[in-house]
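K.L.:
Those protein sequence lines, which keep their order, are chains U and E.
To convert, count from 1 in the first sequence and add 765; that's this note's numbering.
Mapping of the second sequence onto this note's numbering: position 143 corresponds to residue 123, and the numbering continues sequentially without gaps.
Don't be surprised by glycine CBs; every beta carbon is placed ideally from N, CA and C.
Quick one: the structure is below, questions incoming.
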Amino acid sequence: MPRTNELTLLPKLPLLITESADEFDALRDAFEQEIKPRGIIEQIYVHDISAIVWEILRLRRCKVVIINLALRSALQSLLKQLLRQSGQYEYEVEDEAQTLAQSWFTVQEAKKQVSEILSRFDLDESAIEAEAIRRSSADLELLDRMLASLETRRNKALGCVAEYRASLAHQLRESADRIIDGKGVLRLEDAPSERSTAA
Amino acid sequence: MASERQIAANRRNARKSIGPRCGAGKKRASRNAYRHGLTLSVISTTAVAKQLDKLVRKIAGDSKDAMVLERARAIAQAELDLARVRRAKVALIERASAFGELNPPQLTVTQMIRLLNAFDRGRLIVPKPIDALATMPSQEPDRSAEAVRRVLPELRKLDRYDRRAAAQRERAVLEFSDRMKYMDNP
Chain U
766 MPRTNELTLL
776 PKLPLLITES
786 ADEFDALRDA
796 FEQEIKPRGI
806 IEQIYVHDIS
816 AIVWEILRLR
826 RCKVVIINLA
836 LRSALQSLLK
846 QLLRQSGQYE
856 YEVEDEAQTL
866 AQSWFTVQEA
876 KKQVSEILSR
886 FDLDESAIEA
896 EAIRRSSADL
906 ELLDRMLASL
916 ETRRNKALGC
926 VAEYRASLAH
936 QLRESADRII
946 DGKGVLRLED
956 APSERSTAA
Chain E
-19 MASERQIAAN
-9 RRNARKSIGP
1 RCGAGKKRAS
11 RNAYRHGLTL
21 SVISTTAVAK
31 QLDKLVRKIA
41 GDSKDAMVLE
51 RARAIAQAEL
61 DLARVRRAKV
71 ALIERASAFG
81 ELNPPQLTVT
91 QMIRLLNAFD
101 RGRLIVPKPI
111 DALATMPSQE
121 PDRSAEAVRR
131 VLPELRKLDR
141 YDRRAAAQRE
151 RAVLEFSDRM
161 KYMDNP
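Take a look at the structure:
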């Protein structure tokens, strides 16, 4: 969709090198279709809402990746705990845990072996994910706070569009009423007499 | 907690201080209040000033009323402030993605103790530089996500400026529409 004149006045949203400008434009177009902004103020709000939603999507993507990135160290730590026999120190099983955790992602045999170890303790693969979440909980908490703040701002911006639109509608209604009542508008029948008075 | 006598002594001693004396100290102290410049006025360059003026004209329409123009300027300024904070956020993430972190790596306490112990024994160890980039994932989207993770505290701080600019804009829009209503029906 071609950019309207008003949109070219608004500062462009900076994107990461890996993000697509077309995807952002599509998102903004979708909001424009829904909200149908009229005038620059409503355009500003739609632009803001799209930027906030874009940031929300970026942070949500990060959340998933952060957990995924913590999976290997989580599995290694879990295996160290599970492989250790009584009387053994953790460092004694460290190498085995490390090798197994590394190959778990690519080697089917390793995956099977890890499942067996987990099942010995009535655990399954969700234990690995739980450990990954536990290990990244500080980052996830920060991300969640930022997401909550962005969601509040998005809702507020949506409310502002509605409020502004209602206020504009009220203003237009009052103007229309005044025109209908003839207040402040020159009546046609008064026009000649006013002209003759002036003369 | 400090006793009354201690507080009095601290105040007496503080009165004796006349601030930094050397050039470097004075220069450093002159930048005490400066952190990142996000609270500075947005009209710092001609290009931005022009963009601001265009936006103000578009918001105010053909109104000549000083109050309308002033409110329109407040809306436009808050909008450009928001854009500046967003640019700062993206720039931080890109920098972390390119270099692995924002600040040069510091020695940990353990490494420091190890160095001192070696020095005591008459040996000098040259510490290996810590390469933050080496621990960055090479593939996307992992790399960007890791960059975001590494700058999370900074992003959270920028969020405060983001919220403030948005609140300023909302206030200005309210006042702008009130003024427009008044102009229509004085």
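1. Strictly below 7 Å CB to CB, what residues from chain E border Asp904/U?
2. Indicate whether the contact test is met: 3 or more Cβ pairs, each with one atom in the segment 112 to 132 of chain E and one in the segment 33 to 51 of chain E, closer than 8 Å.
3. Please go through the same chain and pick out, in chain order, the residues whose beta-carbon is closer than 8 Å to the beta-carbon of Arg123/E, but skip the five residues on each side of it.
4. What residues in the segment 68 to 85 of chain E bring their beta carbon closer than 7 Å to a beta carbon of chain U?
5. Taking the alpha-carbon positions, what's the Ala895/U to Leu847/U distance?
6. So, is the C-beta of Tyr856/U closer than 8 Å to a C-beta in chain E?
7. Does the distance from the C-beta atom of Val818/U to that of Pro121/E stay below 8 Å?
8. How do the segment 60 to 78 of chain E and the segment 799 to 806 of chain U stand: do at least 3 beta-carbon pairs fall below 8 Å, yes or no?
9. Residues of chain B with CB closer than 7 Å to the CB of Ala63/E, please, in chain order.
10. From the DSSP output, in three-state form, read off Met163/E for me.
11. Just checking my contact of Ile832/U with Ala897/U at CB under 8 Å: how many whole Å lie between their CB atoms?
12. Answer yes or no: do Leu132/E and Lys69/E have a C-beta to C-beta separation smaller than 8 Å?
13. Could you compute how far the alpha carbon of Leu1020/U sits from the alpha carbon of Val36/E?
14. Under 8 Å, Cβ to Cβ, is there at least one residue of chain E near Pro779/U?
15. Hey, Trp965/U and Val879/U: beta-carbon distance below 8 Å or not?
16. Smallest Cα separation from Glu155/E: which of Arg144/E, Val48/E, Asn(-7)/E?
17. Would you decide whether Lys38/E is buried or exposed? Buried here means 16 or more other CB atoms lie within 10 Å of its CB.
18. Taking just the CA atoms, how far does Leu907/U sit from Glu(-16)/E?
19. For Gly(-1)/E, does the three-state DSSP call read helix, strand or coil?
20. Can you give me, in chain order, the residues of the segment 839 to 867 of chain U that have a beta carbon less than 9 Å from any beta carbon in chain E?
21. Between which two residues does the alpha helix (DSSP H) holding Asn833/U run?
22. Determine whether the Cβ of Ile898/U lies closer than 8 Å to any Cβ atom of chain E.
23. Strictly below 8 Å CB to CB, what residues from chain U border Leu60/E?
24. Report yes or no: is there a C-beta of chain U within less than 8 Å of the C-beta of Pro117/E?
25. By alpha-carbon positions, which one of Tyr141/E, Arg53/E, Arg144/E, Arg149/E ends up nearest to Arg929/U?
26. Using only the alpha-carbon positions, how far apart do Gln31/E and Ile809/U sit?
27. Quick check on Cys827/U: buried or exposed, where buried means 16 or more other Cβ atoms within 10 Å of its Cβ?
28. When you compare only the Cα positions, how much space is there between Phe886/U and Leu843/U?
29. Within the 8 Å Cβ cut-off, does Asp33/E reach chain U?
30. Could you tell me whether the Cβ atoms of Gln936/U and Asp158/E are closer together than 8 Å?
31. Chain E partners of Ala816/U, CB-CB under 7 Å?
32. As an exercise, report each continuous alpha helix (DSSP H) stretch of at least 4 residues that is fully enclosed by the segment 842 to 906 of chain U, in chain order.
33. In this structure, how does DSSP classify Ala956/U when only helix, strand and coil are distinguished?
34. Count the other CB atoms within 10 Å of the CB of Ile806/U; is the residue buried (16 or more) or exposed (fewer)?
35. Arg(-8)/E to Asn97/E, Cα distance in whole Å?
P.N.:
Considering the structure as presented:
1. Arg129, Leu132, listed in chain order.
2. Segments in contact, no.
3. Within the same chain, Ser77, Met116, Pro117 come within 8 Å of Arg123/E by CB-CB distance, once the 5 residues on both sides are set aside.
4. Listed by position, the residues of the segment 68 to 85 of chain E near chain U (Cβ gap below 7 Å) are Val70, Ile73, Glu74.
5. Rounded to whole angstroms, the separation of the alpha carbons of Leu847/U and Ala895/U is 15 Å.
6. No, Tyr856/U lies away from the interface with chain E (no Cβ there is under 8 Å from its Cβ).
7. With respect to the 8 Å criterion, Val818/U and Pro121/E are not classified as neighbours on the basis of their beta carbons.
8. Too few Cβ pairs lie closer than 8 Å, so no.
9. Structure shown: chain B not included; protein chains present are U and E.
10. Here Met163/E carries a helix assignment [DSSP, helix/strand/coil].
11. Cβ-Cβ separation between Ile832/U and Ala897/U: approximately 5 Å, consistent with a contact (criterion under 8 Å).
12. Between Leu132/E and Lys69/E, the C-beta spacing is not below 8 Å.
13. Lying before the first or after the last residue shown, residue 1020/U is absent from chain U, which here runs from 766 to 964.
14. Yes - at least one Cβ of chain E is within 8 Å of the one on Pro779/U.
15. Here chain U comprises residues numbered 766 to 964, so residue 965/U is not present and cannot be evaluated.
16. Of Arg144/E, Val48/E, Asn(-7)/E, the residue nearest in Cα terms is Val48/E.
17. Classification for Lys38/E: buried.
18. Our two residues, Glu(-16)/E and Leu907/U, have alpha carbons roughly 41 Å apart in a direct line.
19. In this structure, Gly(-1)/E counts as coil in the three-state DSSP scheme.
20. Listed by position, the residues of the segment 839 to 867 of chain U near chain E (Cβ gap below 9 Å) amount to none.
21. Taken as a continuous stretch (DSSP letters only), the alpha helix (DSSP H) holding Asn833/U covers 804 to 834.
22. No - not a single Cβ of chain E is within 8 Å of the one on Ile898/U.
23. By Cβ distance, chain U contributes Pro776.
24. A Cβ of chain U is located within less than 8 Å of the beta carbon of Pro117/E.
25. For the sequence presented, residue 929/U should be read as Tyr rather than Arg. The alpha carbon of Tyr929/U has as its nearest neighbour, out of Tyr141/E, Arg53/E, Arg144/E, Arg149/E, the alpha carbon of Arg149/E.
26. Counting only the Cα atoms, Ile809/U lies some 14 Å from Gln31/E.
27. Counting Cβ neighbours within 10 Å, Cys827/U comes out buried, since at least 16 surround it.
28. Cα atoms of Phe886/U and Leu843/U: separation of roughly 11 Å, rounded to the nearest angstrom.
29. For Asp33/E, the answer is no, since every Cβ of chain U falls outside 8 Å of its Cβ.
30. No, they are not a contact pair.
31. What Ala816/U touches in chain E: Arg66.
32. Every alpha helix (DSSP H) stretch that sits fully inside the segment 842 to 906 of chain U and reaches 4 residues is listed by chain position as 859 to 868, 873 to 885, 891 to 900.
33. Bear in mind that the predicted position of Ala956/U carries a pLDDT of just 48, short of 50, making it too unreliable to give a figure here.
34. Around the CB of Ile806/U, 16 or more other CB atoms lie within 10 Å, so the residue is classed as buried.
35. Their backbone Cα atoms lie some 41 Å apart in a straight line.
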